[in-house]
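Here's the structure we're looking at; comments come further down.
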Amino acid sequence: MMRQIALPLALILTLAGVVGLYLGVASAPLSESEIIERHAADYVAQTGRARTDCYAVPAGVEGVRMIVICEAEGSEAWFVAVDDRGEPVDAAVLFEEGTT
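The opening position of the sequence shown corresponds to residue 303 in my numbering, with each subsequent residue numbered one higher.
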């Protein structure tokens, strides 16, 4: 009788552990370097310029983790504001912050 309960229970607990581990790893926040690299790759794809043109600064605006800025000498700056997951945030959020 104990074996009939123990085996399914062990399988359920193992499955729950695997799902929990997967969800934990999937929701881990990206590092600053990973965010910069991701958006620097977008910059290179759009402009054909070098990744080394890119750097980031803290945003200081709620909901915006950092601003990735790419500047090539003699050209207009390219930038993207990103949230904690590294997803782009509407740039209007940055400019509205000072007017409220």
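Built from N, CA and C at the ideal position, the CB exists for glycine as well.
Within the segment 322–393, complete alpha helix (DSSP H) segments of at least 4 residues are found at 334–349, given in chain order.
Counting of Cβ neighbours within 10 angstroms places Val321 among the exposed residues, the total staying below 16. The alpha-carbon separation between Arg351 and Glu398 amounts to approximately 30 Å. Between the segment 374–383 and the segment 342–360, the count of Cβ pairs shorter than 8 Å is three or higher; the stretches touch.
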